[in-house]
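Here is the structure:
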């Protein structure tokens with residue numbers, strides 16, 4: 001883990017990130033009236049939800065504590081946290097160092113500032129839960 005911080009700090013931030021993307025669970029609401037049986041297709045044998053990744057449940061109490069820290073950040077530092085956790089897909093499948101370089105260009109900050117802002121946020125999370 002960064003700067004000697006424990007692994008659970010990253011886990012707390014990832015829990016918060018999952019909470020930011022969470023929608024209705026487990027999916028769309030059912031219609032008021034059920035569809036007729038002729039419209040329901042049975043699953044193919046051996047293919048029951050194999051394509052669906054296992055969703056890790058969100059601990060909302062802990063996520064709200066991290067969100068309080070996030071909301072208190074200046075806008076540029078929020079954008080750093082977004083680039084690292086909630087908006088990673090915007091940067092494709094780039095390795096961390098290339099993603100961070102690209103995020104710095106998009107945000108308009110230097111890489112050292114990016115790393116300091118990210119490290120500061122992680123330390124705040126560590127302090128609030130230790």
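Numbering (my numbering), first residue to last: 1 to 130.
Each residue gets a CB set at the ideal place from its N, CA and C atoms; glycine is no exception.
Whole-angstrom C-beta distance between residue 83 and residue 91, which should lie under 8 Å: Counting from one through the chain shown, the residue named residue 91 turns up at place 91. Counting from one through the chain shown, the residue named residue 83 turns up at place 83. At roughly 7 Å, the Cβ-Cβ gap stays under 8 Å, so residue 91 and residue 83 are in contact.
Stretch pair the region 93–103 + the region 59–75: three plus CB contacts closer than 8 Å: no
Residue 115 to residue 65 span [Cα, whole Å]: By one-based count along the chain shown, residue 115 stands at place 115. By one-based count along the chain shown, residue 65 stands at place 65. Approximately 22 Å, taken between the alpha carbons.
Of the listed residues 5, 8, 57, 6, nearest to residue 22 (C-alpha basis): Counted from its first residue, the chain shown places residue 22 at position 22. Looking only at 5, 8, 57, 6, the smallest Cα-Cα distance to residue 22 is reached by 57.
May I ask you to report which of helix, strand or coil DSSP gives residue 112? Your numbering for residue 112 matches position 112 in the chain shown. Helix at residue 112.
Along the alpha helix (DSSP H) that carries residue 82, what are the first and last residues, could you check? Mapped onto the chain shown, residue 82 falls at position 82. Counting along the chain, residue 82 falls outside any alpha helix (DSSP H), and DSSP gives it neither H nor E.
Which of helix, strand or coil DSSP assigns to residue 124: In the chain shown, counting from the first residue as 1, residue 124 sits at position 124. Here residue 124 sits in helix by DSSP.
Suppose you measure from the CA of residue 17 to the CA of residue 87; what does that come to, to the nearest Å? As a position in the chain shown, residue 17 is number 17, starting the count at 1. As a position in the chain shown, residue 87 is number 87, starting the count at 1. Straight-line Cα distance between these residues: approximately 9 Å.
For residue 12 and residue 118, I'd like the C-alpha separation in whole angstroms. Counting from one through the chain shown, the residue named residue 12 turns up at place 12. Counting from one through the chain shown, the residue named residue 118 turns up at place 118. Going by the C-alpha atoms only, they are around 14 Å apart.
Euclidean distance between Cα positions of residue 107 and residue 79: By one-based count along the chain shown, residue 107 stands at place 107. By one-based count along the chain shown, residue 79 stands at place 79. Computed Cα separation, rounded: 7 Å.
Restricting to Cα atoms, I'd like to know which of 94, 93, 97, 62 is closest to residue 128. What you label residue 128 is simply residue 128 of the chain shown in a count that begins at 1. It is 62.
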